[in-house]
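A quick write-up on the structure given underneath.
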Amino acid sequence: MAQPLVKKDDDRDDEVDYSPFLGIEKGAVLQEARVFNDPQLDTRRCSQVEATEVFFAVTKLFQSKDIGLRRMVYLMIKELSPSADEVIIVTSSLMKDMNSCTDMYRANAIRVLCRITDGTLLTQIERYLKQAIVDKSPVVASAALVSGIHLLQTNPDIVKRWSNEVQEAVQSRAALVQFHALALLHQVIRESGVNSQTGDRPFYDYLEGCLRHKAEMVIYEAAKAITELSNVTARELTPAITVLQLFLSSSKPVLRFAAVRTLNKNRSIATLAITTLLKTGNESSVDRLMKQITNFMSDIADEFKIVVVEAIRSLCLKFPLKYRSLDIPDAKESGLLHLCEFIEDCEFTYLSTQILHFLGNEGPKTSDPSKYIRYIYNRVILENATVRASAVSTLAKFGALVDSLKVRDRATLYLNTLGDGSVTETDKAVKEFLFGSLDIPLKNLETSLKNYLRDPAEEPFDLYSVPKEVKSQSLAEKKAPSKKPTGLSAQPAAPTSAPDAYERLLSSIPEFASFGKLFKVTVIVDASEAEEFAEVGTKPLKSLPYDTPAQTFVAFEKPEGVPAVGKFSNVLRFTVKEVDPSTGEAEDDGVEDEYQLEDFEIVAADYILKLGVSNFKNAWENLDPASERVDEYGLGPRESLAEAVNAVIILLGMHPCEGTEVVPSNSRSHTCLLSGVYIGNVKVLVRLSFGIDGTKEVAMKLAVRSEDESVSEAIHEIVASG
Numbered sequence: 001m002a003q004p005l006v007k008k009d010d011d012r013d014d015e016v017d018y019s020p021f022l023g024i025e026k027g028a029v030l031q032e033a034r035v036f037n038d039p040q041l042d043t044r045r046c047s048q049v050e051a052t053e054v055f056f057a058v059t060k061l062f063q064s065k066d067i068g069l070r071r072m073v074y075l076m077i078k079e080l081s082p083s084a085d086e087v088i089i090v091t092s093s094l095m096k097d098m099n100s101c102t103d104m105y106r107a108n109a110i111r112v113l114c115r116i117t118d119g120t121l122l123t124q125i126e127r128y129l130k131q132a133i134v135d136k137s138p139v140v141a142s143a144a145l146v147s148g149i150h151l152l153q154t155n156p157d158i159v160k161r162w163s164n165e166v167q168e169a170v171q172s173r174a175a176l177v178q179f180h181a182l183a184l185l186h187q188v189i190r191e192s193g194v195n196s197q198t199g200d201r202p203f204y205d206y207l208e209g210c211l212r213h214k215a216e217m218v219i220y221e222a223a224k225a226i227t228e229l230s231n232v233t234a235r236e237l238t239p240a241i242t243v244l245q246l247f248l249s250s251s252k253p254v255l256r257f258a259a260v261r262t263l264n265k266n267r268s269i270a271t272l273a274i275t276t277l278l279k280t281g282n283e284s285s286v287d288r289l290m291k292q293i294t295n296f297m298s299d300i301a302d303e304f305k306i307v308v309v310e311a312i313r314s315l316c317l318k319f320p321l322k323y324r325s326l327d328i329p330d331a332k333e334s335g336l337l338h339l340c341e342f343i344e345d346c347e348f349t350y351l352s353t354q355i356l357h358f359l360g361n362e363g364p365k366t367s368d369p370s371k372y373i374r375y376i377y378n379r380v381i382l383e384n385a386t387v388r389a390s391a392v393s394t395l396a397k398f399g400a401l402v403d404s405l406k407v408r409d410r411a412t413l414y415l416n417t418l419g420d421g422s423v424t425e426t427d428k429a430v431k432e433f434l435f436g437s438l439d440i441p442l443k444n445l446e447t448s449l450k451n452y453l454r455d456p457a458e459e460p461f462d463l464y465s466v467p468k469e470v471k472s473q474s475l476a477e478k479k480a481p482s483k484k485p486t487g488l489s490a491q492p493a494a495p496t497s498a499p500d501a502y503e504r505l506l507s508s509i510p511e512f513a514s515f516g517k518l519f520k521v522t523v524i525v526d527a528s529e530a531e532e533f534a535e536v537g538t539k540p541l542k543s544l545p546y547d548t549p550a551q552t553f554v555a556f557e558k559p560e561g562v563p564a565v566g567k568f569s570n571v572l573r574f575t576v577k578e579v580d581p582s583t584g585e586a587e588d589d590g591v592e593d594e595y596q597l598e599d600f601e602i603v604a605a606d607y608i609l610k611l612g613v614s615n616f617k618n619a620w621e622n623l624d625p626a627s628e629r630v631d632e633y634g635l636g637p638r639e640s641l642a643e644a645v646n647a648v649i650i651l652l653g654m655h656p657c658e659g660t661e662v663v664p665s666n667s668r669s670h671t672c673l674l675s676g677v678y679i680g681n682v683k684v685l686v687r688l689s690f691g692i693d694g695t696k697e698v699a700m701k702l703a704v705r706s707e708d709e710s711v712s713e714a715i716h717e718i719v720a721s722g
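With full-length UniProt numbering applied, the sequence shown has no gaps in its numbers, which climb one by one up to 722 at the end.
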């Protein structure tokens, strides 16, 4: 046997600390530990749980009728705290004891069950516990009530349903039952949160009566209790303050000390005292009183804050030379922000208008006036007409007092746009300008404005003349070396990726200037003869020196109606003349020749300009549903659904929206959204629904909405003929 480890304390020789391994034989432990080295491990021997074995052995003692032994069984089960799987074994035995004729069995079974049970089993035995609370036996009733106190911590909802039974138990003749019932009822009320006193204080009259007691100790305690009440009012404080005021003038030091100590703790009384001093004090005490006020302003109620503010206001009028002590410039901006947050959810029109008026006077004078604009602008949108009018006036004050010229320019712009009438009376262009979205790339708008300012014109700037296609430069163009023109009459080459350069070039030609703004620049494509197009005019090239790029132009008029398509065969006819090296002048005689150029085709996509929209759903709903045209088409066999989608996008030449041009792999159906501008600045939106079957036949449903019904029909004719 291992010997006990005895350690003597230095101060107390009679106290010893025994080892927890006392009584364990070392050799036996080492012998049993050899099972860990066995190749064929016996897991049960390696992980013996003695408590579980004891628990199962104890459950067999339920067969005994001995009361003392049964009490030991209850104690063992409660202390071992079996797991959920083990509880099931003893539940039936304990519930049987709950209905026993022996009160001791019933009381102990209730205690054990409530200790080891969970919420699921508790609902099953709740009926028995309610009966036990009102049981005639005080032992059983007390056991159920004490168990309820413990269960309230884990299952409060179930215990709160026992209120009627607990209140009945309070009326029991047994004092112990009354005590336990009252304790449980108190716990339930505290958990329910109904203990807060919100109504009249029934004991206040008693405390007030004690203020007129003969004993000074009783008077002081009553006054102290009144001052410590929560949410005490000025009327309730008045009698206590009167008594404490008398104590302050008492000849007994103890009473004076007690009165000062009580008054010092109460913030409300301290507030009244300081405000009284502010009203009755002299000019020299202002600084000291203001420092005291700032220490507890955040701790007092709003009604007392109003009293302090009124006292400070009267002090300002009384001592105007002390304004430096009462004025805090740094507090202006935070105060204005508090007012802004207040009007965010204010139901009083008068207060909102007064605060907006104050913001209009003080906001522009702050370091950052822009942070108040959002709150004021919200009032223009969300409030009633009176508040909106006040908010507009406030914004006007900001615009008038802010130094930035952009604010005034924008205000002038909107005033001229609105005119003398209301917004509802203005034309469509004004409404679109005020409320519509700007579907023009800012880079294009900037370039067009620069061109307009560089070449002044009599007519005003036309916003619809700005190219709406996003400009991009291909990789080949980025890598291609630039070649400077040389020779006589050299003109700069116009790159195909810069429509504004072509626009400037064409506008400089009188024959083409009357055609209006350039709509779109297309690239050369392969493709039918363009016999329907009529030639309007040409712009030949007078001379073309060697190694010098230049341009020549031909204008055609398209047929009316459906977007006409066709193929142009181009032949360049020219006269070759030699140049005298000495003089640099061309000879009079030359040789006529011609050169076959690449064919040029006009396709349907040339009539449509790519233009993306930020929100396709809103743009679709904003267009007139009467302009919608829907039809179904068969696209024939295709290798994949993605090929069919790409073919239709190329055919229409429109801009895919929201990434719908990407078709998931192995997809059997797909929806593609397209947007663009048809020639004549007509906005067009297209919704394509594709489907493919097992034979790879592709079907398409085409829905078109536009600002002109004829354009919707033209899109369908393009698809039908394509």
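A virtual CB, placed ideally from N, CA and C, is assigned to each residue, including glycine.
As the structure is a prediction and not an experimental result, all values here were calculated from the model.
Discussion item. With three or more beta-carbon pairs closer than 8 Å as the criterion, would you say the region 648-660 touches the region 678-691?
Written reply: yes
Discussion item. Could you tell me the alpha carbon to alpha carbon distance between L337 and W620, rounded to whole angstroms?
Written reply: 40 Å
Worksheet item: Per DSSP, what kind of secondary structure is Y595 in: helix, strand or coil?
Response: strand
Worksheet item: Given that a residue counts as buried once 16 or more other Cβ atoms are within 10 Å of its Cβ, and exposed if not, what is L5?
Response: Below a pLDDT of 50, predicted positions are generally treated as unreliable, and L5, at 45, falls in that range; the measurement from the model is reported next regardless. The residue in question, L5, is exposed, as its Cβ has fewer than 16 Cβ neighbours within 10 Å.
Fill in: Proximity to N681 [Cα-Cα], best of R388, H716, P656 and V466
V466
Discussion item. Would S675 and V613 be called neighbours here (beta carbons separated by less than 8 Å)?
Written reply: yes
Item to complete: Could I get the ranges of all uninterrupted alpha helix (DSSP H) runs contained in the region 277-347, with 4 residues as the minimum, in chain order?
Response: 286-296, 302-318, 323-326 and 331-344
Discussion item. Alpha carbons only, please: which of I692, H670, E126 and T227 is nearest the one belonging to G636?
Written reply: I692
Discussion item. Need the endpoints of the alpha helix (DSSP H) that residue 759 sits in, please.
Written reply: Here the chain has residues from 1 to 722 only, and residue 759 is not among them.
Worksheet item: Should the region 241-255 be called in touch with the region 220-233, which here means at least 3 C-beta pairs below 8 Å?
Response: yes
Worksheet item: In this structure, what does DSSP give as the bridge partners for P656?
Response: L674
Worksheet item: Does DSSP put F690 in a helix, a strand or coil?
Response: strand
Item to complete: Out of L248, T262 and E341, state which residue places its alpha-carbon closest to the alpha-carbon of R256.
Response: L248
Worksheet item: Which one of T271, R127, T552 and M95 has the shortest CA to CA distance from I306?
Response: T271
Worksheet entry | Cβ-Cβ separation, P364 to F342 (assumed contact under 8 Å), whole Å | That belief does not hold up - the Cβ atoms of F342 and P364 are roughly 20 Å apart, past 8 Å.
Discussion item. Quick check: I110 and A144, are their CB atoms within less than 8 Å of each other?
Written reply: yes
Worksheet item: Going by beta carbon distance, what residues of the same chain come within less than 7 Å of D593, once the five residues before and after it are set aside?
Response: F574 and V576
Practice prompt. Could you name each continuous alpha helix (DSSP H) segment of 4 residues or more that falls completely within the region 603-649, going from the start of the chain to the end?
Written response: 616-622
Fill in: Bridge partner(s) assigned by DSSP for F568
F600
Item to complete: Pull up the DSSP beta-bridge partners for V554, would you.
Response: T538
Worksheet item: Using CA coordinates, which residue listed in T276, M700, V536 and V677 is at the minimum distance from A642?
Response: M700
Discussion item. Counting beta carbon pairs with one atom in the region 600-611 and one in the region 621-636, are three or more of them shorter than 8 Å?
Written reply: no
Worksheet item: So, P156 versus E126, is the Cβ gap smaller than 8 Å?
Response: no
Worksheet item: Among residues of its own chain, excluding the 5 on either side of L277, which ones have a beta-carbon nearer than 8 Å to its beta-carbon?
Response: S285 and L289
Fill in: DSSP three-state assignment for R212, whether helix, strand or coil
coil
Worksheet item: Do V565 and A604 have their CB atoms nearer than 8 Å?
Response: yes
Worksheet item: Could you give the distance in angstroms between the alpha-carbon of K279 and the alpha-carbon of A311?
Response: 6 Å
Worksheet item: For the putative contact between S142 and H180, defined by C-beta atoms under 8 Å, what is the C-beta separation to the nearest angstrom?
Response: 5 Å
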